[in-house]
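S.K.: First the structure, then my questions, so here it is.
Protein chains in written order, with the numbering used here: chain A, 1 to 109; chain B, 110 to 223.
So this is what it looks like as structure tokens:
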């Protein structure tokens with residue numbers, strides 16, 4: 001089965017609402033990264049968070065390593081936040097990232 | 110800092126032809142990664158170099174695909190005898206050392222095999 005599962009697959013919100021994205025993984029993660037990809041665009045690294053809680057701007061990521069899950073919270077969403085959010089892990093410090101299928105976020109004005 | 114540079118951004122090739130994709134990592138980064146993205150399979154790891162040496166090629170198709178890193182400033186991914194199923198976005202990433210370091214991705218090369 002898939003090593004990294006993201007939910008929901010898609011999410012539609014009104015501008016100003018908060019978004020909560022989930023990432024569950026089936027194996028030990030020595031690294032966990034959240035990425036943003038705009039339609040047809042590049043992958044942009046948002047946060048590296050293998051454990052604990054990290055904040056940057058309107059983004060908060062919380063990773064509970066023992067429970068093999070991570071979340072990405074986007075506060076006060078904006079239309080420019082629309083795109084696909086990808087979670088990726090590295091097993092046992094191997095270097096290569098294993099990606100989830102992503103959550104497609106749409107923010108309506 | 111220019112970020113990871115990939116060329117060409119788009120490539121259209123006929124079935125059976127060869128395609129060579131180029132990647133220039135961020136200056137000072139020792140680790141270079143190649144990934145492939147398709148709608149069906151998502152993002153998949155292909156291969157990884159550190160200090161120009163191949164570290165892990167477990168994601169590379171056994172036939173027709175090869176990658177090299179002849180110097181610290183560029184890596185190439187070559188696909189021989191391209192097939193329609195090779196159509197994908199090929200992404201290159203670099204990090205300071207590999208392992209747990211944050212990976213920074215280039216814009217990708219969109220390959221279309223007709």
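Idealized CB from N, CA, C, for every residue including glycine.
A quick note: this is a predicted structure, and the numbers were derived from the prediction, not measured.
State the CB to CB distance for the pair residue 108 of chain A and residue 12 of chain A, rounded to an integer number of angstroms; the pair is presumed to be in contact (CB under 8 Å).
M.R.: The C-beta distance from residue 108 of chain A to residue 12 of chain A rounds to 7 Å, short enough to meet the 8 Å contact threshold.
S.K.: Residues in the same chain with beta-carbon distance under 6 Å from residue 159 of chain B, minus the five sequence neighbours each way, listed in chain order, please.
M.R.: These residues qualify, in order along the chain: 139, 140 and 207.
S.K.: Using only the alpha-carbon positions, how far apart do residue 169 of chain B and residue 148 of chain B sit?
M.R.: 18 Å
S.K.: Tell whether a beta-carbon distance below 7 Å holds between residue 133 of chain B and residue 204 of chain B.
M.R.: no
S.K.: Kindly list, in the order they appear in chain A, the residues whose Cβ is closer than 9 Å to that of residue 162 of chain B.
M.R.: In chain order: nothing, as chain A lies at least about 12 Å away.
S.K.: Just by C-beta distance, which residues in the stretch 52 to 86 of chain A are closer than 9 Å to chain B?
M.R.: 86
S.K.: Which class does residue 225 of chain B belong to by DSSP, given the choice of helix, strand or coil?
M.R.: As displayed, chain B neither begins before 110 nor continues past 223, which places residue 225 of chain B out of reach and without an answer.
S.K.: Under 7 Å between C-beta atoms, does residue 3 of chain A make it to chain B?
M.R.: no
S.K.: For residue 123 of chain B, decide whether its Cβ has a neighbour in chain A, counting only Cβ atoms nearer than 7 Å.
M.R.: Not one chain A Cβ lies under 7 Å of residue 123 of chain B.
S.K.: Please say whether residue 47 of chain A and residue 54 of chain A have beta carbons closer to each other than 7 Å?
M.R.: Pairing residue 54 of chain A with residue 47 of chain A gives a Cβ-Cβ distance under 7 Å.
S.K.: For a test of the three-state rule: what should DSSP assign to residue 15 of chain A, helix, strand or coil?
M.R.: In the three-state DSSP reduction, residue 15 of chain A falls in the coil class, being neither helix nor strand.
S.K.: List, from N- to C-terminal side, the beta strand (DSSP E) runs of 3 residues or more that fit wholly inside the stretch 19 to 48 of chain A.
M.R.: 19 to 25, 31 to 37 and 43 to 48
S.K.: Classify residue 124 of chain B as helix, strand or coil using the three-state DSSP reduction.
M.R.: coil
S.K.: So what does DSSP say about residue 5 of chain A, is it helix, strand or coil?
M.R.: Note: residue 5 of chain A maps to strand in three-state DSSP.
S.K.: Helix, strand or coil for residue 79 of chain A per DSSP?
M.R.: helix
S.K.: Would you list the residues sitting across from residue 211 of chain B in a DSSP beta bridge?
M.R.: Looking at the DSSP assignment, residue 211 of chain B forms no beta bridge with any residue, so it has no partner.
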